[in-house]
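Notes follow once the structure below has been shown.
Residue numbers (full-length UniProt numbering): 1 to 189.
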């Protein structure tokens with residue numbers, strides 16, 4: 001844990017801050033609520049995501065994970081065996097098995113590999129219950145420039161005002177803007 005080594009870098013073990021953006025922010029929120037992890041830090045920074053976002057959890061996550069594991073030839077019913085088996089797979093094999101789940105269809109239940117409120121990490125409790133019971137943390141919340149732009153890359157309906165603000169393109173210019181144009185800007189900014 002950071003608390004064991006932070007002093008070597010001039011840090012205070014009693015002032016550790018955990019930070020995350022987007023899915024990492026959902027993870028940060030999860031860490032603040034879990035009785036297994038919330039004792040290891042005092043502060044949190046959440047940027048562009050929390051467990052309250054509809055996209056941060058999916059009722060299909062367990063089924064998708066089981067299908068992914070089975071596609072790779074691993075057990076989907078024995079977690080210990082699945083972990084051992086998955087560690088033998090190459091990144092190429094994993095990318096291929098994940099391919100059906102990497103594109104979002106732009107509903108809110110479309111990010112397929114999400115946190116799952118399980119018996120261990122969340123002690124079998126709801127997010128609402130954990131929020132009431134968890135120790136109070138200093139939490140800074142924020143958003144990022146171009147918030148949600150990734151969701152517009154393959155959408156038939158691009159939010160014109162967001163597109164115009166972030167990329168400086170009028171509605172007339174938007175119709176001729178391709179996915180390649182968007183990806184190029186995304187990569188270079």
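All C-beta atoms, glycine included, are put in the ideal place defined by N, C-alpha and C.
Please confirm whether residue i and residue j have their CB atoms less than 8 Å apart.
| i | j | result |
| --- | --- | --- |
| residue 134 | residue 38 | yes |
| residue 34 | residue 121 | yes |
| residue 127 | residue 51 | yes |
| residue 143 | residue 47 | yes |
| residue 49 | residue 22 | yes |
With a cut-off of 8 Å on the beta carbons, I'd call residue i and residue j a contact; round off their distance for me.
| i | j | result |
| --- | --- | --- |
| residue 72 | residue 97 | 5 Å |
| residue 61 | residue 112 | 7 Å |
| residue 16 | residue 6 | 6 Å |
| residue 40 | residue 3 | 6 Å |
Where does the unbroken alpha helix (DSSP H) through residue i begin, and where does it stop?
| i | result |
| --- | --- |
| residue 24 | 23-33 |
| residue 62 | 61-71 |
Kindly indicate which three-state DSSP category residue i falls into: helix, strand or coil?
| i | result |
| --- | --- |
| residue 144 | coil |
| residue 17 | strand |
| residue 138 | strand |
| residue 131 | helix |
| residue 74 | coil |
| residue 6 | helix |
| residue 80 | helix |
| residue 38 | helix |
| residue 100 | helix |
| residue 114 | coil |
| residue 222 | Summary: the structure shown does not reach residue 222, with the chain confined to residues 1 through 189, and so no result is reported for it. |
| residue 120 | coil |
Step through the CB atoms of chain C and report whether any lies within less than 8 Å of the CB of residue i.
| i | result |
| --- | --- |
| residue 21 | Among the chains of the structure shown, chain C does not appear; only one protein chain is present. |
Along the chain, where does the beta strand (DSSP E) containing residue i start, and where does it finish?
| i | result |
| --- | --- |
| residue 44 | 43-47 |
Item to complete: Check whether the region 46-65 touches the region 115-125, counting contact only when three or more Cβ pairs, one atom from each stretch, lie closer than 8 Å.
Response: Result yes; three or more Cβ-Cβ pairs closer than 8 Å.
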